[in-house]
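If you read the sequence shown in this note's numbering, its first letter stands for residue 539, the second for the next number, and so on.
Don't be surprised by glycine CBs; every beta carbon is placed ideally from N, CA and C.
Below is one structure, written out as structure tokens; comments come after it.
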Amino acid sequence: MTTAETGRLGECAVVEFLRKKGYSIRARNWRRGRYELDIVALYLNTLHIVEVKTRHRGSLTPPEAAATRRKFRALTRAALSYIRMTGWNGEVEFDVAAVEMEDDGTVRIDWIERAWEYNW
């Protein structure tokens, strides 16, 4: 399985996870120029920018280790672009979904709400 395939499976699992929790999915793999957001979801009048990090169980680093400050800066720029494009005028949170995949295809999702704080 390629890294891209692993990532897609992780994102699909997170979308299902969020829907079950009552989130409305606004966008998946949103792109504009060089900007990209994995998942944009709405829950209780808050827009959630969700970064999905997927790894196979037993990888050298856990998936959440890939959610770095550098990544947050890129997400912030992408989120600002998304907000301008859509005209969103409410609360925004940055969350991380750390996904570990087992060999049998089952997944474990660690949901990290407000993984990063940003003062607009």
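The residues 610, 632, in chain order, have a CB closer than 7 Å to that of residue 654 in the same chain once the five nearest residues on each side in sequence are set aside. Taking all protein chains shown into account, residue 639 has 16 or more neighbouring C-beta atoms within 10 Å of its C-beta and is therefore buried.
The Cβ atoms of residue 556 and residue 643 lie no closer than 9 Å to each other. Boundaries of the beta strand (DSSP E) around residue 581: 573-581. Residue 564 places its beta carbon 9 Å or farther from that of residue 551.
Taken atom to atom, the span from the alpha-carbon of residue 628 to that of residue 641 is near 40 Å.
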